[in-house]
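Student:
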Amino acid sequence: MRRWLPLLAAVGCGSGEEVPATGGPEEVTAESARTQAMRVSMAVRGHRPSLEELDAVSEDPTVLPSLLETWMASPAFGETIRHMHADVLLTRTARSALPAVGPLAGETRNDLSAVVTEEPLALIEHIVLDDRPYTEVVTADYTVVGELAPTMFADLSRESGPGDQVAVYTDGRPAAGILSTNGLWLRFQSAGQNYQRQRANAIASALLCASYDDRDIPISGDIDLSDDEALANALNTQAECVACHQTLDPLGSHLFTIRSVLNVNNVQIAYANGCAGQAAASCYPLPVYVPQGADRWRRFGTRPPGYYGSESDDLGTLGAHIAADPRFAQCTVRRFVSYLTQTPADELTIPELAPLQARFVDSGFDARDLVEAIVLDPAFAQPDDEDGIGLMATRPFQLAATVEDLTGFRFVFNFDGAPCRQNGTNCRGDIDVVYDDTLGFRSMAGGIDGFRVTRPTWTTTPTKALFVAALAEEAAGHVVDADFASPAADRHLLGDVEADTDDETAVRAQLVTVHRRFFGIEVDADNPEIDEAFGLFDAARSRRSGPSAAAEAWKVTLTGLLQDPRILLY
Amino acid sequence: MNSNRRSFLAGGAAVSALATLGLPRIAASASPARKLVLVHADGGWDVTVGLDPKLGVSTIDGPDLDEDPNNPEDRESVETISGIPLATNRFKRPQLAAFFERWGARAAVVNGLWVGAISHPACIQRVFTGQSAGSNGDMAALAAARVGLDAPVPYMDLSGAGITGAYAAYAGRTGSANQLEILLDRDTNVPGPLGSGLVYPGFTPEPSDASDLEGFLQARGRRMAMREGANLRTTRQVDDLLESRMRADLLRSEGGGFADSLQLGRQSTLVNMAPTVRDLLTSGLCQTVSIDAGGNFDTHQDNSDQHAQWETAFTGIGALMQELEAGGLLSETVVVVVSEMTRTPRRNAQGGKDHWSTTSAMVLGAGVSGGRVVGGSTDTLDSRPVDLQTGEVTASGVTPRYDNFVAGVLELVGVDPAEFLPSSEVYRGFHA
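So the protein sequences, as listed, match chains A and B.
FYI, in the numbering used here the residues of the first sequence are 164 to 733.
FYI, in the numbering used here the residues of the second sequence are 3 to 434.
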């Protein structure tokens, strides 16, 4: 890993030259081209290339960059971008849900949670997929929200249509990208005497890779914290306090125009009180931007808005400062490299990142160009290269996307009981198990829950292995039943056999196709891997009788293949 | 499914990751290998409400502020129970006193631990791993990785937030609502999407298919293991995969009782899960367990809520100790109860308390010098200097830090702390 970034500097960084499409100093073969395509597709889309795409790179490895362009225009890449930023912004947590009351009565908890958790992620996805400069993450004068958002939040004008759509806040809040979204600040709230400092640290950590949490805080008990004046004096005069607060507090002072606390209790109590008087502010649609709060920093004795020593007025100027800060570009590059290569962000050094940072800036903050530079780097291509990145762990959402792509199966629970379904109240809704921790398997399978588990696990664990086993069984059962109930041309996997086919030649031929689809490998029907798989099929079939024997044998065989190490690692 | 431990090795696959990575063999700790239960009092407990009494200290807003003047039973006091001074209120927090009356002789209270941070994630990272950043797992993960590898799943996380660090391949999670039951007991019926009519499991292999599937996966694993050696991360990933799969198979084959004890949808609170903890340790399924004490101590808005949290926590810890005793585990198990921080000496304008960068811990069980307090805090909740070897507060001592404490726990359970915290002096003050 530490050798590949300088290769970019030598070849194409900032020079406009094309980065080599495939491979490195080694000769590119059809096999290595397929392997690289598999890795790149998994990294940017979470699932395998199609058979047609694999054929294309086998014939001509230089088509990979154009395939990548196509892949980066897909919704699947958008989900990868959302997921990447969810790991950074930590917005996908169950704690952000607001209640199903008033005009939102009857909505599911999951749908209401998504209104909040997805807003900043949807905005970033839109910016990247729409090829807009990544700086719009902190400067955009619009947001992107789902259908329920205008009912939940006040002063929000959304384009019509299903799903996520571009929207604008009409309450006069400054243009500052995610910094002006309700979703980000409902995740990071500020209670009591915190005075927006948690929010300020969220900005510094996520956007500048400069978390204040990394520092030791030698608090002295000599300060009477119940005395606001004494506390303010300490924060302004005592060296151990000033060290952080001289920059932390001015950052935080930008956020006094955003409602400090807004949670389930606020809304439920307001509706219990009939939304009368002051309670109205906690009834839907909720006002979140409070411009009259801009000067509250004075009352609390903190510092005026500022950006690391520079003057700043509001969220808009804050966003502009961040966009112009070299640390923002560097941190963005660090986050993208860390995510795509599964390298801890703090292990990436500035000299390593510098060439990519320069390229990113020179490109006009083109995030897709950044992704291309990373995933088409020779060190990314082959997992077994000594100096390469090596095998990476398939993330929970990638497992789900891969399995769905291969089999059409999505692992979804619904625990809503009869009272919920009858009354339409307090329903959770369908639970996609890789997007949920309360009853799903997200953090159990290596993901984060956004609150207590804030770092993903980039390796296999016993629990993950158990999850993949269950997923494999369910998906295998689903695809066999679904495929054999469909015409051959419409099937996901088993287009070359029928439910009662047990002819060895036909089964082996089908297994060859399945291995191409699953693992991107070209093998003959008498290859040892096909021998293994056929052995599994044959043993399962021989233990069964009747017309469904072969179909059941396929279920067992696909259960095994969906747990192949190459599903868990790529 | 009947799996041979390390069967993939018998099949000729790769050698262990440790050998491959060239890590040195670890020097044995002086203590025998012990089991560890790590209990997290989540949110930052106000130690003056329990383990570090400061009643009558003018610089600290104590729990006496919450006394009901009309209820003569609602009174705070400092009681020394089993040699340990405690803030007690037998009306509001009866379980705290009851716990120490029953178990105090086995408990060491460690006061005045310096954490040096005030955000939850930063403090949790420090207090549980001994590092402000890095690849250490928490105490339970580290202990499992060194003295627990013979167990099918050396570390079982019942809290949902255990830090596994570089040792994730040895760790299992039960899930916040015991979702692991669905994965272990594939006969567990779970409804599918709304309107689908689907009830999982849709398909499970027959028992007669199991050995063929296992053989198939082992063959695929051996082929994957042949890729080890060229690239360091590939080697580690493959090794972790094979290790994890082997341990998952063992958990399935040997964890029937454990799976039965999980109840899907039941919250993994300490009271609910204490019998499960006992079963996990007595059955040898794991070496270490982490779990939440229950409740949440993060009382920014109203510090009187601390009473209920302490009561909940010590109800659970008491249940845990009873289960460990019933399981004959007390002589070989260490229980660590800790919160990531404490709370400010004074209350804020809302009547709550904010974050403070010290904390207290309680260590019980095997190898612990019970019935005493080590360390201490000032009347403004700063750490007092201590002799780390004896736990005695002394002006010539050092500030006891989170890393010293973690090193002390590791040594207590039979792990050489120098491997994980090479620059940290070991806090032995609570060792017998």
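Think of the CB as a built atom: it goes at the ideal place given N, C-alpha and C, for glycine as much as any other residue.
If the cut-off is 7 Å on Cβ atoms, which residues from the segment 507-534 of chain A count as contacting chain B, listed in chain order?
Tutor: Residues Asp-509.
Student: Considering only residues of the segment 197-255 of chain A, which uninterrupted alpha helix (DSSP H) runs meet the minimum length of 4 residues and lie entirely inside it, listed in chain order?
Tutor: Counting whole runs of 4 or more residues, the segment 197-255 of chain A contains the alpha helix (DSSP H) stretches 214-222, 227-234, 238-252.
Student: Which ranges would you report for the alpha helix (DSSP H) in the segment 309-354 of chain A if only whole runs of at least 4 residues count?
Tutor: For the segment 309-354 of chain A, whole alpha helix (DSSP H) runs of length 4 or above, ordered along the chain, are 312-315, 345-350.
Student: Which partner residues of Ala-89 (chain B) appear in the DSSP bridge assignment?
Tutor: By one-based count along the second sequence, residue 89 (chain B) stands at place 87. The partner list for Ala-89 (chain B) (beta bridge, DSSP) reads B:Val-80.
Student: By a C-beta neighbour count over all protein chains shown, 10 Å radius and 16 as the cutoff for buried, is Gln-308 (chain B) buried or exposed?
Tutor: As a working note, residue 308 (chain B) is residue 306 in the second sequence. Classification of Gln-308 (chain B): buried, given that the 10 Å Cβ count is 16 or more.
Student: For chain A, is any of its Cβ atoms less than 7 Å away from the one on Phe-218 (chain B)?
Tutor: Here residue 218 (chain B) corresponds to residue number 216 of the second sequence, with the count starting at 1. At least one chain A Cβ lies under 7 Å of Phe-218 (chain B).
Student: Mind listing which residues of the segment 175-191 of chain B have their C-beta closer than 9 Å to chain A's C-betas, in chain order?
Tutor: Hits within the stretch, in order: Arg-175, Thr-176, Gly-177, Ser-178, Ala-179, Gln-181, Leu-182, Ile-184, Leu-185, Leu-186, Arg-188.
Student: Need the endpoints of the beta strand (DSSP E) that Trp-116 (chain B) sits in, please.
Tutor: In the second sequence, the residue the question calls residue 116 (chain B) occupies position 114. 109-116 is the span of the beta strand (DSSP E), which, as asked, contains Trp-116 (chain B).
Student: Helix, strand or coil for Arg-497 (chain A)? Go by DSSP, reduced to three states.
Tutor: Within the first sequence, the letter at position 334 stands for residue 497 (chain A). If DSSP states are grouped into helix, strand and coil, Arg-497 (chain A) belongs with the helices.
Student: Does DSSP classify Ile-485 (chain A) as helix, strand or coil?
Tutor: Here residue 485 (chain A) refers to the residue found at position 322 of the first sequence. Helix, per DSSP.
Student: Flag Gln-352 (chain A) as yes if its beta-carbon sits less than 7 Å from any beta-carbon of chain B, otherwise no.
Tutor: Against the first sequence, residue 352 (chain A) aligns to sequence position 189. Not one chain B Cβ lies under 7 Å of Gln-352 (chain A).
Student: I want to know whether the segment 614-621 of chain A touches the segment 191-207 of chain B - three or more CB-CB distances under 8 Å.
Tutor: The segment 614-621 of chain A is not in contact with the segment 191-207 of chain B.
Student: Is it buried or exposed, Glu-222 (chain A), if we count other Cβ atoms within 10 angstroms and call 16 or more buried?
Tutor: For the purposes of this step, residue 222 (chain A) is identified with residue 59 of the first sequence, where counting begins at 1. Label assigned to Glu-222 (chain A): exposed.
Student: Ile-513 (chain A): buried (16+ other C-beta within 10 angstroms of its C-beta) or exposed?
Tutor: For this step, residue 513 (chain A) is matched to residue 350 along the first sequence. Label assigned to Ile-513 (chain A): exposed.
Student: On the three-state DSSP scale, how would you describe Met-228 (chain B)?
Tutor: Here residue 228 (chain B) corresponds to residue number 226 of the second sequence, with the count starting at 1. Correct three-state label for Met-228 (chain B): coil.
Student: Could you work out which residues of chain A lie near Thr-2 (chain B), taking near to mean beta carbons separated by less than 7 Å?
Tutor: Only positions 3 to 434 of chain B appear in this structure, which leaves residue 2 (chain B) out of reach.
Student: Any idea what DSSP makes of Phe-572 (chain A), helix, strand or coil?
Tutor: The sequence position of residue 572 (chain A) within the first sequence is 409, counting from 1. Of the three classes helix, strand and coil, the one that applies to Phe-572 (chain A) here is coil, per DSSP.
Student: On the three-state DSSP scale, how would you describe Ala-173 (chain B)?
Tutor: Here residue 173 (chain B) refers to the residue found at position 171 of the second sequence. Ala-173 (chain B) falls in the strand class under three-state DSSP.
Student: If I follow the unbroken beta strand (DSSP E) through Ser-362 (chain B), where does it start and stop?
Tutor: What you label residue 362 (chain B) is simply residue 360 of the second sequence in a count that begins at 1. Note, Ser-362 (chain B): beta strand (DSSP E), 360-367.
Student: Going by alpha carbons, who is nearest to Ala-268 (chain A) out of A:Ser-374, A:Gly-709, A:Ala-544, A:Cys-590?
Tutor: Looking up residue 268 (chain A) in the first sequence gives position 105. Considering only alpha carbons, the answer is A:Cys-590.
Student: So, helix, strand or coil for Gly-479 (chain A), using DSSP?
Tutor: By 1-based counting over the first sequence, the position of residue 479 (chain A) is 316. Gly-479 (chain A): helix per DSSP, three-state reduction.
Student: Look up Asp-595 (chain A) in the DSSP assignment and give the residues it is bridged to.
Tutor: On the first sequence, position 432 is the one that residue 595 (chain A) refers to. Partner(s): A:Val-575.
Student: Between the C-alpha atoms of Val-59 (chain B) and Asp-381 (chain B), what's the straight-line distance to the nearest angstrom?
Tutor: Taking the second sequence and counting its residues from 1, the one referred to as residue 59 (chain B) is at position 57. Taking the second sequence and counting its residues from 1, the one referred to as residue 381 (chain B) is at position 379. Their Cα atoms are separated by approximately 7 Å.
Student: So, does the segment 210-229 of chain A touch the segment 307-323 of chain A, judging by three or more C-beta pairs under 8 Å?
Tutor: Too few Cβ pairs lie closer than 8 Å, so no.
Student: Interface residues of chain A around Phe-205 (chain B) at Cβ under 7 Å?
Tutor: Along the second sequence, one-based indexing puts residue 205 (chain B) at 203. Under the 7 Å cutoff, chain A gives Glu-636, Glu-637, Ala-639, Gly-640, Lys-718.
Student: Counting only Cβ pairs nearer than 7 Å, list the residues of chain B close to Gln-199 (chain A).
Tutor: Position 36 of the first sequence holds residue 199 (chain A). Within 7 Å Cβ-Cβ: nothing; Gln-199 (chain A) doesn't reach chain B, min ~15 Å.
Student: By the 10 Å Cβ neighbour count, where 16 or more other Cβ atoms means buried, how is Ser-425 (chain B) classified, buried or exposed?
Tutor: Residue mapping note: residue 425 (chain B) aligns to position 423 of the second sequence, counting from 1. Result: exposed.
Student: Smallest Cα separation from Thr-237 (chain B): which of A:Pro-541, A:Leu-554, A:Arg-531, A:Arg-336?
Tutor: As a first step, residue 237 (chain B) is located in the second sequence; it is residue number 235 there, counting from the start. Out of A:Pro-541, A:Leu-554, A:Arg-531, A:Arg-336, A:Leu-554 has the C-alpha closest to the C-alpha of Thr-237 (chain B).
Student: Do Lys-37 (chain B) and Glu-334 (chain B) have their CB atoms nearer than 7 Å?
Tutor: Residue mapping note: residue 37 (chain B) aligns to position 35 of the second sequence, counting from 1. Residue mapping note: residue 334 (chain B) aligns to position 332 of the second sequence, counting from 1. Yes.
Student: Given a cut-off of 7 Å on the beta-carbon distance, is the pair Met-141 (chain B) and Leu-40 (chain B) in contact?
Tutor: The residue you call residue 141 (chain B) lines up with position 139 of the second sequence. The residue you call residue 40 (chain B) lines up with position 38 of the second sequence. Result yes, Cβ atoms of Met-141 (chain B) and Leu-40 (chain B) sit closer than 7 Å.
Student: If contact means a Cβ-Cβ distance below 7 Å, which residues of the segment 538-551 of chain A contact chain B?
Tutor: Residues Pro-546, Asp-547, Asp-548, Glu-549, Gly-551.
Student: So, is the C-beta of Val-575 (chain A) closer than 7 Å to a C-beta in chain B?
Tutor: Numbered from its first residue, the first sequence carries residue 575 (chain A) at position 412. Closer than 7 Å to some Cβ of chain B, the Cβ of Val-575 (chain A) qualifies, so yes.
Student: In terms of residues, what are the limits of the beta strand (DSSP E) holding Tyr-404 (chain B)?
Tutor: Against the second sequence, residue 404 (chain B) aligns to sequence position 402. Where Tyr-404 (chain B) is concerned, there is no enclosing beta strand (DSSP E), although the alpha helix (DSSP H) it sits in stretches over 404-414.
Student: Are three or more beta carbon pairs between the segment 662-669 of chain A and the segment 590-601 of chain A nearer than 8 Å?
Tutor: No, because fewer than three Cβ pairs between the segment 662-669 of chain A and the segment 590-601 of chain A fall closer than 8 Å, the two stretches do not touch.
Student: To the nearest angstrom, report how far apart Gly-609 (chain A) and Thr-623 (chain A) are at their CA atoms.
Tutor: Here residue 609 (chain A) corresponds to residue number 446 of the first sequence, with the count starting at 1. Here residue 623 (chain A) corresponds to residue number 460 of the first sequence, with the count starting at 1. When rounded, the distance between both Cα atoms is 8 Å.
Student: Verify the CB distance criterion: does Thr-617 (chain A) have a CB-CB separation below 7 Å to chain B?
Tutor: In the first sequence, the residue the question calls residue 617 (chain A) occupies position 454. Thr-617 (chain A) counts as touching chain B.
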